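A.B. asks:
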Amino acid sequence: MSHFDTLKLNLHYGGLMEIIGGRFSYNGGASKQGIVVDPDLMTWSCFDGYCEEFSIEGGLVERVWWKLHHESMDTLKCIGVVASDSELMRMCSQAMSTCREVDVFIEQEEKGKDGEEADVNLEQSAAVETESEKALSAESEKAPSAEENESEIGEGESEEAEENQSQEAEENQSQSEEAEENQSEAAADESDKDAGNESEIDSEKEEALREAKRKKDKKGKSKVLEDEEDIGARYDMEIEDAVASFVDEEVDFRRTILESSDSYEFKEAVLDYALANAKNIEQNRWDKTKIGYKCGEGGKCKWKLYCSYDEPHGKWVIKTKCGYHSCTPKGRCKMLKAPVIAKLFLHKLRQKPNFWPIKMQKYIKETWRLLRTRWKSSCRPIIGLDGTFFKGIVKGCLLTAVGHDPNNQIYPIAWAVVQAETGDNWLWFMKNLKADLGLEDGSGYVIISDRCRGRGI
Ligand SMILES: [Zn+2]
Numbered sequence: 001m002s003h004f005d006t007l008k009l010n011l012h013y014g015g016l017m018e019i020i021g022g023r024f025s026y027n028g029g030a031s032k033q034g035i036v037v038d039p040d041l042m043t044w045s046c047f048d049g050y051c052e053e054f055s056i057e058g059g060l061v062e063r064v065w066w067k068l069h070h071e072s073m074d075t076l077k078c079i080g081v082v083a084s085d086s087e088l089m090r091m092c093s094q095a096m097s098t099c100r101e102v103d104v105f106i107e108q109e110e111k112g113k114d115g116e117e118a119d120v121n122l123e124q125s126a127a128v129e130t131e132s133e134k135a136l137s138a139e140s141e142k143a144p145s146a147e148e149n150e151s152e153i154g155e156g157e158s159e160e161a162e163e164n165q166s167q168e169a170e171e172n173q174s175q176s177e178e179a180e181e182n183q184s185e186a187a188a189d190e191s192d193k194d195a196g197n198e199s200e201i202d203s204e205k206e207e208a209l210r211e212a213k214r215k216k217d218k219k220g221k222s223k224v225l226e227d228e229e230d231i232g233a234r235y236d237m238e239i240e241d242a243v244a245s246f247v248d249e250e251v252d253f254r255r256t257i258l259e260s261s262d263s264y265e266f267k268e269a270v271l272d273y274a275l276a277n278a279k280n281i282e283q284n285r286w287d288k289t290k291i292g293y294k295c296g297e298g299g300k301c302k303w304k305l306y307c308s309y310d311e312p313h314g315k316w317v318i319k320t321k322c323g324y325h326s327c328t329p330k331g332r333c334k335m336l337k338a339p340v341i342a343k344l345f346l347h348k349l350r351q352k353p354n355f356w357p358i359k360m361q362k363y364i365k366e367t368w369r370l371l372r373t374r375w376k377s378s379c380r381p382i383i384g385l386d387g388t389f390f391k392g393i394v395k396g397c398l399l400t401a402v403g404h405d406p407n408n409q410i411y412p413i414a415w416a417v418v419q420a421e422t423g424d425n426w427l428w429f430m431k432n433l434k435a436d437l438g439l440e441d442g443s444g445y446v447i448i449s450d451r452c453r454g455r456g457i
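The numbers in the UniProt record's numbering rise by one with no breaks, and the one at position 153 of the sequence shown is 153.
1. Flag this pair as yes or no: are the beta carbons of residue 296 and residue 281 separated by less than 8 angstroms?
2. Flag this pair as touching only if the stretch 99-110 and the stretch 53-67 have three or more C-beta atom pairs under 8 angstroms; answer yes or no.
3. Measuring only the C-alpha atoms, how far is residue 439 from residue 417?
4. Would you say the beta carbon of residue 70 is closer than 7 angstroms to some non-hydrogen atom of ligand 1?
5. Which residues in the same chain have their Cβ closer than 7 angstroms to the Cβ of residue 178, if we skip the five residues on either side of it in sequence?
6. Here's a check: name, in chain order, each residue in its chain whose Cβ is nearer than 6 angstroms to the Cβ of residue 400, leaving out the five neighbours to either side.
7. Going by beta carbon distance, what residues of the same chain come within less than 6 angstroms of residue 18, once the five residues before and after it are set aside?
8. Is the CB-CB distance between residue 68 and residue 30 below 8 angstroms?
9. List the whole-angstrom C-beta distance separating residue 291 from residue 307, where the pair is believed to meet the contact cut-off of C-beta under 8 angstroms.
10. So is residue 129 buried or exposed if we call it buried at 16+ other beta carbons inside 10 Å?
11. Can you look up residue 278 in the DSSP assignment and give me helix, strand or coil?
12. Could you check where the alpha helix (DSSP H) with residue 99 kicks off and where it finishes?
13. With DSSP run on the structure shown, which of helix, strand or coil describes residue 63?
14. When every heavy atom of ligand 1 is checked, does at least one fall within less than 7 angstroms of the C-beta of residue 44?
15. Under DSSP, the beta strand (DSSP E) around residue 55 begins and ends at which residues?
16. Ordered along the chain, which non-local residues of its own chain (more than five positions away) have a Cβ less than 8 angstroms from that of residue 35?
17. Please write down, chain order preserved, every residue whose beta carbon lies under 6 angstroms from a heavy atom of ligand 1.
18. Is the beta carbon of residue 279 closer than 8 angstroms to that of residue 325?
19. Using CA coordinates, which residue listed in 266, 312, 305 and 97 is at the minimum distance from residue 284?
20. Using 8 angstroms for Cβ pairs, my map puts residue 405 next to residue 378. What's the rounded Cβ distance?
21. Between which two residues does the alpha helix (DSSP H) carrying residue 339 extend?
22. On the DSSP letters alone, give me the boundaries of the beta strand (DSSP E) that residue 16 sits inside.
23. Would you kindly work out how many angstroms separate the C-alpha atoms of residue 395 and residue 327, rounded to a whole number?
24. Helix, strand or coil: which one does DSSP assign to residue 269?
25. Candidates 422, 293, 450 and 412: which alpha carbon is nearest residue 437's?
Okay, structure coming up:
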């Protein structure tokens, strides 16, 4: 991972976001500057992982505020726990297209405090959220920056929802203010300047705000999720949507390619196929008696698989199969959603319930590290080099370095994909190999190659 692919995270934690004198201020807590992360791997649970890694006391992360590093505190944006991953992706993409550095302020759930105190803090946070929305909408009305324009174009729908939300919140506010005429108009208009308004947001308003937020997050979907519901519930929503938008097709009754007494086995087989062949597969049909998959790359690729329960046999049988991919794999698989990944790590998760994604990333990196350290500690000091062309849809050249283990079996050390087998590419590969394995001046090691033209080093 080069520094071109990484994002710098300045993490502020353990404090509470407040509005003081009309300005955002993150009070209390501490910070950790310059955490290097891979933006492609950022998920909501990463923040819970950081909290644990840095031994931050408190509950799960409830809310995250962020801004680009060079921006002022007035531009803070808030991400709630519901539908957060898509907003996190937006944060990462904005940062990656500009300064590659984000300031993040974490607010955690109250833990270990009595109910009353927690309520007060909840009110404060609700007030802060209202302030944030007002500040944001006011800002975009006054002088939208180029960046905000960009996001407005992409998210007209959510902007509209946000406006509705703040209107709804304001309406609720004004309704309750009718009962308190003495404090009426000033409170609605100048709430972003007056910290005293925090106490005026009663539980009803707070509930309205939360409701509006949920509606915004689900973009008008009929079923509204509770805050506490987890990723699994979100996955269910996706399934329901996919089923709703599924267009039935004419089924070709070819069968007996795969027979199984259980749909679970069928799903496992498709997942194994997708992982082993690096194919992007997407499930497009869910039913008690039917399951369908299609190529996740979209476009003109016709790959599909349809399976249903065959009553006379009492088995699940493949009815339609188009097994040829005409697409180019892009290294992603739509089947690999949180519950599926969790299943792959199930055994490890049972052993270690706090095995957060950030630790999983470390675990995977550790596996790669073992590959080279074990070569050094237990294999013969021989490195075999070779390069070969890709003959499939993806063109290029694979450079490999293999060793021999004590049983004289081939041991993979390193490989790289390059455009062509040239001297420059071999030099780059060898330099990395030398640095990674700590070969120093190479004395004591034997390199075997077929001395093809490209390897002039
Ligand atoms: Zn395909």
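C-beta: ideal position from N, C-alpha, C; glycine also. Computed from a prediction, not measured in an experiment: that's the story for all the values here.
C.D. replies: Straight from the coordinates:
1. Residue numbering aside, residue 296 sits at position 296 when the sequence shown is read from its first letter. Residue numbering aside, residue 281 sits at position 281 when the sequence shown is read from its first letter. Taking 8 angstroms as the Cβ cut-off, residue 296 and residue 281 qualify as a contacting pair.
2. yes
3. Along the sequence shown, one-based indexing puts residue 439 at 439. Along the sequence shown, one-based indexing puts residue 417 at 417. Whole-angstrom Cα-Cα distance: 22 angstroms.
4. Residue numbering aside, residue 70 sits at position 70 when the sequence shown is read from its first letter. No; taking the cut-off as 7 angstroms, the Cβ of residue 70 has no heavy atom of ligand 1 nearer than that.
5. In the sequence shown, counting from the first residue as 1, residue 178 sits at position 178. For residue 178, the predicted model reports a pLDDT of 46, less than 50, meaning its position is unreliable; a value from the coordinates is still stated below. Closer than 7 angstroms at Cβ, skipping near neighbours: no residue.
6. Along the sequence shown, one-based indexing puts residue 400 at 400. Excluding positions up to five away in sequence, the list reads 386 and 415.
7. Working through the sequence shown from its first residue, we reach residue 18 at position 18. Answer for residue 18: 25 and 27, listed in chain order.
8. Counting from one through the sequence shown, the residue named residue 68 turns up at place 68. Counting from one through the sequence shown, the residue named residue 30 turns up at place 30. Not closer than 8 angstroms, so no.
9. For the purposes of this step, residue 291 is identified with residue 291 of the sequence shown, where counting begins at 1. For the purposes of this step, residue 307 is identified with residue 307 of the sequence shown, where counting begins at 1. At roughly 5 angstroms, the Cβ-Cβ gap stays under 8 angstroms, so residue 291 and residue 307 are in contact.
10. On the sequence shown, position 129 is the one that residue 129 refers to. Note that residue 129 scores 45 on pLDDT, short of 50, meaning its location in the model is unreliable; the coordinates nonetheless yield the value given after this. By the neighbour-count rule (16 or more Cβ atoms within 10 Å), residue 129 is buried.
11. Position 278 of the sequence shown, counted from the start, is the residue given in the question as residue 278. Of the three classes helix, strand and coil, the one that applies to residue 278 here is coil, per DSSP.
12. Locating residue 99 in the sequence shown gives position 99, where the first residue counts as 1. Run containing residue 99: none; DSSP gives neither H nor E here.
13. In the sequence shown, residue 63 corresponds to position 63, counting from 1. The answer is strand: DSSP assigns residue 63 an E or B state.
14. On the sequence shown, position 44 is the one that residue 44 refers to. With a cutoff of 7 angstroms, residue 44 does not count as near ligand 1, since its C-beta is closer than that to no heavy atom of the ligand.
15. Within the sequence shown, numbered from 1, the residue matching residue 55 stands at position 55. Counting along the chain, residue 55 falls outside any beta strand (DSSP E), and DSSP gives it neither H nor E.
16. The sequence position of residue 35 within the sequence shown is 35, counting from 1. Within the same chain, residue 35 has close Cβ partners 8, 9, 10, 11 and 50.
17. 295, 297, 301, 303, 325 and 327
18. Looking up residue 325 in the sequence shown gives position 325. Looking up residue 279 in the sequence shown gives position 279. Against a cut-off of 8 angstroms, the Cβ pair of residue 279 and residue 325 comes out as a contact.
19. Reading the sequence shown from its first residue, position 284 is the one you call residue 284. Minimum Cα distance to residue 284 is reached at 305.
20. What you label residue 405 is simply residue 405 of the sequence shown in a count that begins at 1. What you label residue 378 is simply residue 378 of the sequence shown in a count that begins at 1. The pair is a contact, with the Cβ atoms about 7 angstroms apart (cut-off 8 angstroms).
21. Against the sequence shown, residue 339 aligns to sequence position 339. Note, residue 339: alpha helix (DSSP H), 338-344.
22. Stepping through the sequence shown from its first residue, residue 16 is reached at position 16. Note, residue 16: beta strand (DSSP E), 16-20.
23. Looking up residue 395 in the sequence shown gives position 395. Looking up residue 327 in the sequence shown gives position 327. If I take the Cα positions, the gap works out to 13 angstroms.
24. Residue 269 sits at position 269 when you count from the first residue of the sequence shown. In this structure, residue 269 counts as helix in the three-state DSSP scheme.
25. To locate residue 437, count along the sequence shown from 1; it is residue 437. The residue with the shortest Cα to Cα distance from residue 437 is 412.
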